[in-house]
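Position one of the sequence shown corresponds to residue 6 (the numbering used here), numbered consecutively onward.
The structure appears right after this line, and notes come after that.
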Amino acid sequence: DARAVDPGQTITLLDYKGAGIIRRFWVTIAPRSEMTIHRQAILRMYWDDEPTPSVEVPIGDFFGVGFGEQHDYISLPLNETSGGYNCYWPMPFHKSAKWTLTNLSKRRIDAFYYNIDFTAYKSLPKDLRHFHAQWRRENPTTKGKNYTILEATGQGHYVGTALFMQNRKGHGLGFLEGDEMIYIDGETTPSINGTGTEDYFSSGWYFDRGPYSAPYHGCIIKDDQHGRISAYRWHIEDAIPFHKSIRVTIEHGNQNDTEADYSSVAYWYQSEPHAPFPPLPANPADLLPFVPPPPFKIQGAIEGESLVSTAKATAGNVATQDMGSFDGEWSGESQLWWTGAKPGDELTLVLPASTAGTYELVGYFTKAKDYGRIQLLYDGQPIGPEADLYNPDVVPSGPVSLGRIAVKAGNNLIVVKIVGKNAQSVGTLVGIDAFVLKP
């Protein structure tokens with residue numbers, strides 16, 4: 006069938022009396038590339054005359070993609086192929102099945118094409134449980150607290166997670182350090198406690214080989230530019246049973262310390278009645294993906310990472326480090342990182358200047374528990390005070406005035422010398438965010 010759906014309108018997709026099992030659900034939408042529709046058109050499913058839905062999910066997220074985007078992938082119960090969405094989760098019902106679609110977007114759905122294939126029965130075994138799917142979102146995530154994917158009461162089994170994660174800085178995947186923790190039947194210590202987010206999704210190393218899809222798990226979106234991941238895991242061969250309750254949670258970062266936008270769909274089967282679902286956002290705009298601000302940039306910055314390719318160190322390694330997963334702001338979300346050096350070692354940097362003249366040199370560094378003390382030199386002479394880069398936590402130093410220097414137009418050489426370390430520091434690393442030449 007094909008239906009148009011105006012903004013604010015609810016249409017009924019299915020209203021059947023009797024027993025049956027849904028076998029397949031197919032959808033395609035015109036306009037096919039309108040992100041708001043995929044996040045603001047809400048699919049609801051009601052079984053056996055229940056007053057509240059057992060499924061309440063934005064249509065695009067229900068099919069496992071997330072962020073209102075479209076990406077081809079194939080898994081056993083869900084897939085998207087060439088603009089068509091398919092669902093093969095079996096959905097039994099004993100007395101009735103009613104499905105609706107509500108368009109909360111400001112855009113008219115010109116055509117909502119769909120097929121719902123089911124087998125009708127005179128009756129079904131009473132112990133067949135109902136299919137459920139629940140959408141949640143936390144934007145931003147709460148520091149120090151796990152993100153909750155599902156809290157359900159009753160008897161049933163958990164069969165899958167689709168999780169959509171985005172760093173609110175718009176850069177960095179540090180949230181993947183978070184572990185899943187699943188609590189069964191009211192326990193206070195989780196029965197399942199994982200080793201990392203991508204590990205839960207049966208992958209590793211921050212999905213470093215990019216998007217892929219497999220029958221039971223996959224990474225549909227890996228967007229380093231926006232710090233965005235969409236991944237799924239189906240517990241089909243390893244369904245998680247519960248008799249009284251289940252609470253499915255996951256950390257966002259190693260210590261729940263990465264501020265992110267998390268949304269998810271939990272899939273499970275259970276006996277009725279189900280616990281009330283958390284309400285969808287009152288403002289439909291809060292369903293839409295988060296748009297991060299532009300990356301922080303220091304005005305007039307000579308970025309530390311831009312100096313890596315021409316840097317020469319007497320010892321150690323010089324590289325670019327992504328700082329997007331740390332609290333605080335680093336210009337360009339990266340720094341020059343000098344590792345493996347010791348007191349007395351020197352790092353020579355090529356500092357460009359567009360115009361000759363005398364400038365105040367301002368440095369922006371990183372401080373951490375394993376960073377050293379440095380002295381900068383220009384024309385062989387020390388400039389500015391020694392900089393102690395020790396701090397218990399990883400933080401930006403803020404501006405450090407290094408005095409005034411006369412530079413020529415073109416390239417100028419600055420030397421960074423490690424002169425020691427704070428008594429509390431456990432290392433002599435050096436991090437340089439940026440330099441600024443101030444007239």
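Note that the Cβ used here is the ideal one computed from N, Cα and C, for glycine as well.
Note down the Cα distance separating residue i from residue j, rounded to an integer number of angstroms.
i	j	result
S38	E85	13 Å
P97	H162	15 Å
L354	I64	53 Å
Q45	A306	41 Å
R479	G13	Any property of residue 479 remains undetermined from this structure, which presents the chain solely from 6 to 444.
F301	R29	47 Å
E338	K150	25 Å
Y78	P294	20 Å
D228	P289	25 Å
P278	G71	28 Å
A35	D438	47 Å
S235	H43	15 Å
K413	Y211	44 Å
W94	G436	51 Å
Using CA atoms only, rank isn't needed, just tell me which of the options is closest to residue i.
i	options	result
L81	R28, N259 and W239	W239
P284	W140, R134 and I64	W140
I423	T433, K22 and R173	T433
D115	E242, V10, A265 and D213	V10
Q326	D132, V399, P298 and S406	V399
P297	A324, A265 and N198	A265
L352	V367, G385 and A287	G385
G199	H76, I189, E256 and E310	E256
F440	L407, A414, G415 and V431	L407
W31	Y51, D291, K127 and N120	N120
L129	I26, N288, P387 and G191	I26
P220	G69, T124, I251 and Q340	G69
Between the beta-carbon of residue i and the beta-carbon of residue j, is there less than 7 Å?
i	j	result
Y118	A7	yes
L382	V420	yes
M170	T254	no
E391	R378	yes
T344	A411	no
H137	A24	no
D53	S101	yes
G333	G177	no
D350	T315	no
G191	G258	no
T166	Y267	no
G201	T263	no
T153	T15	no
G321	A358	no
Taking the alpha helix (DSSP H) that residue i falls in, what are its first and last residues?
i	result
G65	I64 to F67
E203	T202 to Y205
Since I believe residue j is in contact with residue i (beta carbons under 8 Å), could you give me their beta-carbon distance rounded to a whole number of angstroms?
i	j	result
S402	T371	7 Å
S269	L181	That belief does not hold up - the Cβ atoms of S269 and L181 are roughly 15 Å apart, past 8 Å.
M40	E61	Contact flag wrong, Cβ pair sits at about 20 Å.
K426	P397	Not really, about 14 Å apart at Cβ, beyond 8 Å.
Y51	K103	4 Å
W273	L442	About 59 Å separates the two Cβ atoms, so there is no contact after all.
T158	A280	5 Å
W342	A324	5 Å
H135	Q275	7 Å
G175	G232	6 Å
In terms of residues, what are the limits of the beta strand (DSSP E) holding residue i?
i	result
R112	Segment: none, R112 is in no beta strand (DSSP E) and carries neither H nor E.
Y383	R378 to Y383
I388	Q386 to D393
H135	H135 to E143
Q171	G161 to N172
I42	Note, I42: premise wrong, no beta strand (DSSP E); alpha helix (DSSP H) at M40 to Q45.
T153	Y152 to T158
D77	Unbroken run through D77: none, as it is neither H nor E.
V435	V435 to K443
R233	R233 to W239
F96	According to the sequence provided, residue 96 is Met. The question's Phe does not apply to it. M96 to F98 is the extent of the beta strand (DSSP E) around M96.
I34	A24 to A35
W342	S339 to T344
N322	N322 to D327
V424	G415 to G425
E365	G362 to K372
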